[in-house]
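J.: Structure incoming, see below.
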Amino acid sequence: MERVDKILAGMGLGSRKEIKALVKQGAVVINGVICKDPGDKIDVERDEVSVSGRMLRLRTTYTFMMHKPAGYLSASRDDRDVTVIELLSEEHRRLGLFPAGRLDKDSEGLLILTNDGPFAHALTAPRRHVDKLYEIRYDGVLRESAEAEFAAGIAIDGGETCLEAELCRTAPGEALVTVHEGRYHQVKRMIAACGGEVTYLKRLRIGPLPLDEGLLPGEYRELTDGELSALRAACGIDREESR
Ligand code: URA
């Protein structure tokens with residue numbers, strides 16, 4: 024159960040103050056009864072709410088994609104560095120979004136921001152193996168056997184062996200890399216294990232979801248219902264497990 028003003032503000036119907044004003048005008052109706060108190064608690068699964076005569080599809084979870092720019096931390100807060108949360112508008116900051124998965128500070132590209140804990144967990148859980156596609160540039164010369172080593176499961180520093188992955192060299196010093204897990208600095212460490220040094224890294228895709236190239240670095244938008252369903256299916260969770 025959550026406060027009706029909080030839910031309606033989260034749904035973009037106005038600031039908390041504006042929702043309070045709507046309640047005062049008698050415009051908010053809960054299960055057929057005019058709401059008198061913006062602090063009334065409602066159950067998004069069961070209760071029916073209309074505002075100014077329009078019935079709403081209630082929800083409390085939100086998922087966005089961001090084109091993360093280099094220079095920002097994939098974190099909710101940090102004492103020293105700017106975080107991706109600081110790129111959100113004030114309205115969207117109120118939703119309690121956090122990054123589901125990480126991109127290094129100097130990396131860019133597709134980052135998922137959500138306030139849906141179970142979904143974030145499913146998306147990032149190592150055993151779910153949601154594919155991620157990266158475009159990279161690197162210095163140095165990769166061993167000729169690099170593609171085969173990636174395909175076999177490459178050993179990286181620290182003694183870890185990665186799941187099989189794909190390396191596709193697209194031009195001198197440039198490649199596409201697909202990984203099926205999310206280890207710390209994974210792509211950089213895999214390339215280093217083959218003799219190269221990553222100088223640029225951009226995530227292009229997570230599972231079925233490509234980065235919307237219409238988003239400039241720093242821009243973001245909410246996922247469509249279709250995108251969200253496809254992403255949830257890719258990590259093996261049902262669309263209705265959270266709302
Ligand atoms: N692998 C890396 O090394 N860095 C990233 O930001 C993402 C994947």
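So for the sequence shown, the working numbering puts the first residue at 24; every next one is plus one. Think of the CB as a built atom: it goes at the ideal place given N, C-alpha and C, for glycine as much as any other residue. None of these values were measured; they are calculated from a predicted model.
Is the CB-CB distance between residue 106 and residue 93 below 8 angstroms?
T.: Cβ distance not < 8 angstroms, so residue 106 and residue 93 don't count as in contact.
J.: Taking DSSP's pairing of strands, which residues face residue 122 in a bridge?
T.: Answer is 136.
J.: Does DSSP classify residue 235 as helix, strand or coil?
T.: Note: residue 235 maps to coil in three-state DSSP.
J.: Short check: CB of residue 108 to CB of residue 124, under 8 angstroms?
T.: No, these two residues do not count as a Cβ contact at 8 angstroms.
J.: Closest to residue 34 by CA distance: which of 75, 85, 50 and 187 is it?
T.: Residue 85 is the option with its Cα nearest to residue 34.
J.: Roughly how many whole angstroms lie between the Cα atoms of residue 122 and residue 146?
T.: One C-alpha to the other measures close to 11 angstroms.
J.: Which of the three DSSP states, helix, strand or coil, is assigned to residue 129?
T.: If DSSP states are grouped into helix, strand and coil, residue 129 belongs with coil.
J.: Taking just the CA atoms, how far does residue 104 sit from residue 161?
T.: In a straight line, the C-alpha of residue 161 is about 25 angstroms away from that of residue 104.
J.: Pull up the CB-CB distance for residue 260 and residue 214, whole angstroms please, since I reckon it's below 8 angstroms.
T.: The Cβ separation is near 32 angstroms, so there is no contact.
J.: Just checking my contact of residue 163 with residue 219 at CB under 8 angstroms: how many whole Å lie between their CB atoms?
T.: At roughly 4 angstroms, the Cβ-Cβ gap stays under 8 angstroms, so residue 163 and residue 219 are in contact.
J.: Suppose contacts are defined by Cβ-Cβ distances below 8 angstroms. Is residue 185 in contact with residue 151 by that definition?
T.: Taking 8 angstroms as the Cβ cut-off, residue 185 and residue 151 do not qualify as a contacting pair.
J.: Let me know the secondary structure DSSP gives residue 146 once reduced to three states.
T.: Helix at residue 146.
J.: Quick check on residue 132: buried or exposed, where buried means 16 or more other Cβ atoms within 10 Å of its Cβ?
T.: Flag for residue 132 reads buried.
J.: Do you know offhand how far residue 256's Cα is from residue 232's?
T.: Cα to Cα, the separation comes out at about 11 angstroms.
J.: CB-CB under 7 angstroms to residue 42, same chain, minus the five flanking residues each way: which ones, in chain order?
T.: Excluding residues within five positions, the ones whose Cβ falls inside 7 angstroms are 28, 31, 32, 36 and 61.
J.: Have a look at residue 183 and residue 193 and give me their C-alpha separation to the nearest angstrom.
T.: Looking at the two C-alpha atoms, the distance is approximately 27 angstroms.
J.: Using a strict less-than 5 angstroms threshold between each residue's beta carbon and the heavy atoms of the ligand URA, what residues do you get?
T.: This criterion selects 126, 127, 130, 208, 209, 210 and 211.
J.: Determine contact between the segment 230-244 and the segment 75-82, defined as no fewer than three beta-carbon pairs at a distance below 8 angstroms.
T.: With the cut-off at 8 angstroms, the segment 230-244 and the segment 75-82 do not touch.
J.: Where residue 52 and residue 24 are concerned, what is the direct C-alpha to C-alpha distance, given to the nearest angstrom?
T.: Approximately 16 angstroms between the Cα atoms of the pair.
J.: Which of the three DSSP states, helix, strand or coil, is assigned to residue 73?
T.: Residue 73: strand per DSSP, three-state reduction.
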